[in-house]
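Inspection log for the structure reproduced underneath, given as structure tokens.
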Amino acid sequence: MRTVSNAAGVFSLESRYNPGEIEVKWQQFWAEQNLDQTSVESDKPKFYALSMFPYPSGNLHMGHVRVYTISDVIARVHRMQGYRVLHPMGWDAFGLPAENAAIERGIHPSKWTYQNIEQMRRQLQRLGLSFDWSREVTTCSPDYYKWTQWMFLQFLEAGLAYQKESAVNWDPVDQTVLANEQVDNEGRSWRSGTKVERKLLRQWFLKITDYAEQLLNDLDKLEGWPERVRLMQANWIGKSVGAYLEFPIVALDEKIGVFTTRPDTVHGVTYLVLAPEHPLTRHVTTPDQKVAVEAFIQEVSAQSELERTAEDKPKRGIPTGGKAINPFTGEEISIWIADYVLVEYGTGAVMGVPAHDARDFQFAKQNQLPIKVVIVSERDLTIDQLDAAYTDPGFLIHSDSFNGMASTEAKAAIIQAAEEKGFGKARIQYRLRDWLISRQRYWGAPIPIIHCPSCGTVPVTEADLPVRLPEDIAFSGRGPSPLAQLEAWVNTTCPACGEPGKRETDTMDTFIDSSWYFLRYPDARNEQEVFDPAKVNDWMPVDQYVGGIEHAILHLLYSRFFTKVLRDSPGSDRSASGGLLNFDEPFQRLLTQGMVQAKTYKNPVTGKYIPATEIDPTNPKDPETGEALDVFYEKMSKSKYNGVDPESVLAKYGADTARMFILFKAPPEKDLEWDDADVEGQFRFLNRVWRLVTEFIGSQNLSSGSATTSPGQELAKPEKELRRAIHTAIQKVTEDVQGEYQFNTAVSELMKLSNALTDSSKDSPVYAEGIKTLVLLLAPLAPHIAEELWHNLGYSDSVHTQSWPTVDPAALVVDEITLVIQILGKTRGTIQVPATASREALEQYARDSAVGQRYLTDKEVKKVIIVPGKLINFVVA
RNA sequence: GCGGACGUGGCGGAAUUGGCAGACGCGCUAGAUUUAGGUUCUAGUAUCGAAAGAUGUGAAGGUUCAAGUCCUUUCGUCCGCACCA
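Positions -5 to 871 (the numbering used here) are the ones given, in order, by the first sequence.
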């Protein structure tokens, strides 16, 4: 076996690329050298690269591999470019699956979670991700949730946390509240299968609506976010500008307030509608309607919100018998209740203007309610009959002093009139609702509140945090929340008066845990305070956030909310004038990566998915029925039998190949189709690089001294071309790995460089520069092989501590360019011309060329367009 | 219904932002080497055509010397929201 010796030692030239061996070796080396720990050299610019932390389900899937590979490449590139980089990792470790494991398998949620964390951390470390594990956070750990509880107290202090009675999805079998997303389309619980009920319960809320306007406006600052995420958030917040108007109830000393975006149509109101849950429904109902109204309310309350808001559902409602007065006209109008009015939005009551609102029109037709036209398309037109609601702008009629006014102007005029007469005022309404954060579950951060018979709701004092989860607890999945069943834990003393009190038994929504974790990483081991504001203000905002589009609203909106609240809140230091944070938005740039999909086989008749192992891929048929199967790509999942286990890919090809495949196969924000043949292709490429570098090292050894460049020597043409290829690669890869993150084209540039080197002579004096550059550019993408080759090249420092290569502009200068010759815009050929040729010279070269001779002879050239360095276009008659 | 994104070879995807469409890879074809096979290497691979050449970026128009890229219309796919008053 031939060996080579250099500064790095003696090694075999015949050694084949063996990822299993070198990846473990270098991972150990990096760990020993603490290479991944965050540099705190303050003279360097900071870069905070963050990928969304995972829920520790126990097994890593390809989606994880993709996100973390992306953020790892970004982190590694920035390190080489001279930034101090914070690239941390943690665990979103509270949540239902742990508790279900406890119910189903009798394993304690804590044990289950920590086991999973151990396993997933090992799996992540196998990928060669440069995470600073010394800053790891785990949301279910008391030293983390202590501060989650502290956050809650900040919100309480600021008046942003409150309790209120609210209609929620209640599962009568499991005896718990369910989130909307845990109820299916038929209104059944995902776990018990029972129809959920709407139940009024006293729950904790965070007042996110107080920040609605800022959350909306500051979206404009997020230029580094995908447009669609910003739009989704804007729609979710759902700002409407309109008016709040009050209608006095006949024979009662009360008024019904409504919100409307169309105050200009107020003279066309012919009835009012209350939501069934509206507090005034029972007041306004007349005795003769009482039985019918009660029955209706019962019926509606049995429906889930999903059922009630289902598409194109007929609007159902009944009269209450009560009457109200339209203050603008003095007319008496009837009061109805109907299921299409939502108690959560606006005031839970609407004014019915059938002539100018499609829903009201439908409702009025159905119930023979009067329709009064008050807007017409042209001035001085009079229309009394409509076939459909007229919802466009127009001019007012039947509207007293406002007649003839444009509806757009009338809005403001009528609001002004309402204010003057005390009928109402201008109002801005948001679709966003306050955030319900109580969960009747065990595996979450306990809400740090004590209920005292004499003092009421009392916060746990900061010194008593964390309110720990009791360890010794039974999980049956039945009866009240596990915490509520543990009397020893529930009974405590009131911090205010010292008398007996009871702990709040609800825990917090796990989205609270993840709404601030990025603020903990800069100071993750701080036991004295939630974080040192100086450190957080130094590292924040996150420069690049990477995660799935499924969090477009939830996590990303909540995190923005938390950031703004903490910016406004002084924290523990009440004497401070400003807030804890000095920035408005947590995430400067956001990259939403696409799904990882794989081929699925589905029987179009039965709808069944068939595992790939059971079919012949060249002729996919159902093994049981023989029917031809549909073949398409879908997100990997167990139920579709199309999951690819990262561990098996790592075992077969290694982490570098898996990373390269993922980066090359699709741009990061697009869905990625898993393809074993393409994985093989990346493995081949890394093998080519391996051979290229290894053979170069061998040739250096054999012919040492013969391939040196004398300074000042003019390079020959092939060398010049190779050097241009090298620096073009540096330029393009650099562009691709920063800013737009087009890793797929970055990899293809590396392939081109590799191909250029393969085609060049190893004796070329610039060959060594090419090999070195290739390894450096490859380092962030395939860190292990790059490290191995770097050391084999004789360097003793890690490749990952090297500076990113820079472009030598002189190397990009060309002597000759290819000039495209077009006749009437059609390409007819190309010629090589000196790069410095003038426009006149270019035209002459083109005319003299064979192409020019052929197409221009006997033709009248009317016009010549010259794009210097590129093309010449002759416009002929 | 409203809002958004996207349609390019057999496939994934490229195209200095208006300047040679199909980079790079997969697959496929032929050949070479080695072989039990994989590996590796060379050449080819948008379509039609023997070739010259013509055609070609969902479709149809338009602007321009020049359009995948800009404009208009249209078809299709995907995603988000959906009785929000």
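Idealized CB from N, CA, C, for every residue including glycine.
In this structure, what does DSSP give as the bridge partners for residue i?
| i | result |
| --- | --- |
| Thr586 | Gly541 |
| Asp165 | Thr170 |
| Ile331 | Leu268, Ile312 |
| Trp198 | Gln157 |
| Asn867 | Gln816, Ile859 |
| Ala592 | Glu628 |
| Trp85 | Thr132 |
| Ser45 | Val540 |
| Gln826 | Thr812 |
| Arg433 | Thr501 |
Enumerate in chain order the residues of its own chain whose CB-to-CB distance from residue i is below 6 Å, with the five nearest sequence positions on each side excluded.
| i | result |
| --- | --- |
| His72 | Phe41, Val79 |
| Ala92 | Pro103, Trp106, Thr107, Trp437 |
| Pro874 | Nothing about residue 874 can be read from this structure; the chain reaches only from -5 to 871. |
| Thr557 | Pro580 |
| Ser295 | Arg192 |
Excluding the five sequence neighbours on either side, which residues of its own chain have a C-beta within less than 8 Å of the C-beta of residue i, listed in chain order?
| i | result |
| --- | --- |
| Ile866 | Leu813, Val814, Ile815, Gln816, Leu836, Glu837, Ala840, Val858, Ile859, Ile860 |
| Trp20 | Gly122, Pro777, His778, Glu781, Glu782 |
| Lys756 | Glu689, Phe690, Ser693, Ala701 |
| Glu663 | Pro220, Leu585, Thr586, Gln587, Gly588 |
Quick one: residues in its chain with C-beta nearer than 7 Å to the C-beta of residue i, no 5 flanking neighbours on either side, listed in chain order?
| i | result |
| --- | --- |
| Leu172 | Asn163, Asp165, Ser183, Val190 |
| Asp29 | The question names Asp, yet the displayed sequence has Leu at residue 29. Cβ within range, chain order: Ser792, His794. |
| Asp428 | Phe199, Leu200, Lys201, Ile202, Thr203 |
| Leu154 | Leu200, Lys201, Asp204, Val559 |
| Thr455 | Pro489 |
When DSSP labels each residue in this structure, what does residue i get in the three-state scheme?
| i | result |
| --- | --- |
| Glu365 | Correcting the residue type first, residue 365 is Ile in the shown sequence and not Glu. Residue state, collapsed to three classes: coil. |
| Leu80 | strand |
| Val559 | helix |
| Lys419 | strand |
| Lys602 | coil |
| His445 | strand |
| Thr63 | helix |
| Gln797 | First, the residue type needs correcting, since residue 797 is Ser and not Gln in the sequence shown. Looking at Ser797 - three-state DSSP - the assignment turns out to be coil, as it is neither helix nor strand. |
| Ile724 | helix |
| Met74 | helix |
| Lys634 | helix |
| Tyr11 | coil |
| Ser698 | Confidence at Ser698 is low in this model, with a pLDDT of 45, below 50, so the placement of that residue should be treated as unreliable; the coordinate-derived value is given next. Coil. |
| Asn485 | strand |
| Ala804 | helix |
| Thr821 | strand |
Quick test of your reading: residue i and residue j, contact by CB under 8 Å. State the CB separation rounded to the nearest angstrom.
| i | j | result |
| --- | --- | --- |
| Ala332 | Arg310 | 6 Å |
| Ala269 | Gly418 | Between Gly418 and Ala269 the Cβ distance is about 19 Å, and since that is not below 8 Å, they are no contact. |
| Phe253 | Ala318 | Actually they are not in contact, since the Cβ atoms of Phe253 and Ala318 sit about 16 Å apart, beyond 8 Å. |
| Tyr735 | Leu585 | 6 Å |
| Tyr265 | Gly346 | 4 Å |
| Lys366 | Gly262 | 5 Å |
| Glu498 | Ile443 | 4 Å |
| Val223 | Ala546 | 5 Å |
| Arg435 | Thr132 | Their Cβ separation, rounded to whole angstroms, is 18 Å, which puts Arg435 and Thr132 out of contact at 8 Å. |
| Ala592 | Asn636 | 4 Å |
| Ser45 | Ser65 | 4 Å |
| Gly52 | Met114 | 7 Å |
Check whether the Cβ of residue i lies closer than 7 Å to any heavy atom of the ligand COA, and answer yes or no.
| i | result |
| --- | --- |
| Arg718 | Judged by which ligands are present, the structure shown has none, so any question about the ligand COA falls away. |
Legend entry - At least 3 beta-carbon pairs within less than 8 Å: the segment 502 to 515 vs the segment 466 to 474: no
Inset, instruction - Would you be able to state if there are at least three C-beta pairs under 8 Å between the segment 114 to 128 and the segment 648 to 657? - result: Contact holds: three or more Cβ-Cβ distances are below 8 Å.
Inset, instruction - Give a yes or no on contact between the segment 251 to 269 and the segment 283 to 292, applying the rule of three or more CB pairs nearer than 8 Å. - result: Result no; under three Cβ-Cβ pairs closer than 8 Å.
Inset, instruction - Could you say if the segment 81 to 101 and the segment 610 to 624 meet the contact criterion of at least three C-beta pairs nearer than 8 Å? - result: no
Inset, instruction - May I ask you to verify whether the segment 61 to 70 touches the segment 760 to 779, counting CB pairs closer than 8 Å and requiring at least 3? - result: yes
Legend entry - Contact the segment 142 to 153 vs the segment 532 to 540: 3+ CB pairs below 8 Å: No, the segment 142 to 153 is not in contact with the segment 532 to 540.
Legend entry - Three CB pairs or more closer than 8 Å across the segment 288 to 297 and the segment 350 to 368: no
Inset, instruction - Count the C-beta pairs between the segment 593 to 606 and the segment 538 to 558 that are closer than 8 Å, then say yes if the count reaches three, no if not. - result: Result no; under three Cβ-Cβ pairs closer than 8 Å.
Inset, instruction - Take every Cβ of the segment 440 to 448, pair it with every Cβ of the segment 476 to 496, and state whether three or more of those distances are shorter than 8 Å. - result: yes
Legend entry - the segment 273 to 281 touching the segment 400 to 416, judged by at least three CB pairs closer than 8 Å: no
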